[in-house]
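A.B. asks: Have a look at this one.
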Amino acid sequence: MNSLLPDDIDELKRLLAEQEALNRALLEKLNEREREIDHLQAQLDKLRRMNFG
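Whatever position you read off the sequence shown (first residue = 1), add 1 for the numbering used here.
Encoded structure:
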């Protein structure tokens, strides 16, 4: 068994909850950046149409 993990069930549950919270935060940040990319791409497309028809 991995010696880096505690044997205590409650501690393992706490670590798991902490990791899940971190995953949710990172996923939200990723989604936010994807929305920003989509928005910027739409602006770029609009500007290209304005300049080049």
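Cβ coordinates follow ideal geometry from the N, Cα and C atoms, glycine included. Note that this is a predicted model, so its numbers are computed, not measured.
Taking just the CA atoms, how far does D39 sit from L16?
C.D. replies: About 35 Å.
A.B. asks: From the DSSP output, in three-state form, read off L1 for me.
C.D. replies: Nothing can be reported for residue 1: it is not among the residues displayed for the chain, which extend from 2 to 54.
A.B. asks: Alpha carbon to alpha carbon, how far is E37 from A22?
C.D. replies: If you take the alpha carbons of E37 and A22, they lie about 23 Å apart.
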